[in-house]
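See structure below.
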Amino acid sequence: MYNRIMVPVDLAHVDALERSLQVAGDLARHYQAEVCYVSVTANTPGTVARTPAEYEQKLAGFAQEQGQRHGRPASSRVFISHDPVADLDDILVQAVGEVGADLIVMGTHLPRRLDAIMPSNGGKVATHTNVSVFLVRPEHA
């Protein structure tokens, strides 16, 4: 049913993604799917890496670890933006086609009143793509 699962990842907050990473791994095993971990970074030094090339190496290593952990083929793709926070939704929508994803698994927060003005990343991605989006709530939701 699914062949390639896209999982948005922020390497600065991997610990907060544990539940969505586990769900993505479980789905990949169930459907015998490949997982592509995508991330958006700036072209300036950040907390995870000093350059986009270094960030790309770290994401590739992360994808390899996740692939071994879940027993599924894994790849990675880094997108560079001058303003990753502002561009995140648009880049994730673009990434779906570029990586050939047919399912997106991503972590989300509990609904808030502010979502009426500023929708969640998952909501925008689901609205602007034609693939299924599986939003994973925090463990204590």
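If you count the sequence shown from 1, position 18 lands on 83 in our numbering, and the numbers rise without skipping.
Yeah, the Cβ is synthetic: ideal placement off N, Cα and C, and Gly gets one too.
These numbers were taken from a predicted model, which means no experiment stands behind them.
*Distance, Cα to Cα, H193 vs L157?*
Taking the sequence shown and counting its residues from 1, the one referred to as residue 193 is at position 128. Taking the sequence shown and counting its residues from 1, the one referred to as residue 157 is at position 92. Distance between the alpha carbons of H193 and L157: 10 Å.
_Please classify G90 as buried or exposed, where buried requires at least 16 other C-beta atoms within 10 Å of its C-beta._
As a first step, residue 90 is located in the sequence shown; it is residue number 25 there, counting from the start. Answer is buried; the Cβ neighbour count reaches 16.
*Can you name, in chain order, every residue of its own chain whose Cβ lies under 7 Å from the Cβ of Q210, other than the five neighbours on each side?*
Examination of residue 210 is not possible in this model, given that the chain is present from 66 through 206 alone.
*Leaving aside the five residues before and after A125 along the sequence, list all residues of the same chain whose C-beta is less than 6 Å from its C-beta, in chain order.*
Position 60 of the sequence shown holds residue 125. The residues are S141.
_Closest Cα partner of E204 within the set Q131, D155, L153 and L82_ = Here residue 204 corresponds to residue number 139 of the sequence shown, with the count starting at 1. Comparing Cα-Cα distances from E204 to each of Q131, D155, L153 and L82, the minimum goes to L82.
_Where the alpha helix (DSSP H) through E121 begins and ends_ = The residue given as residue 121 occupies position 56 in the sequence shown. Where E121 is concerned, the enclosing alpha helix (DSSP H) stretches over P117 to H135.
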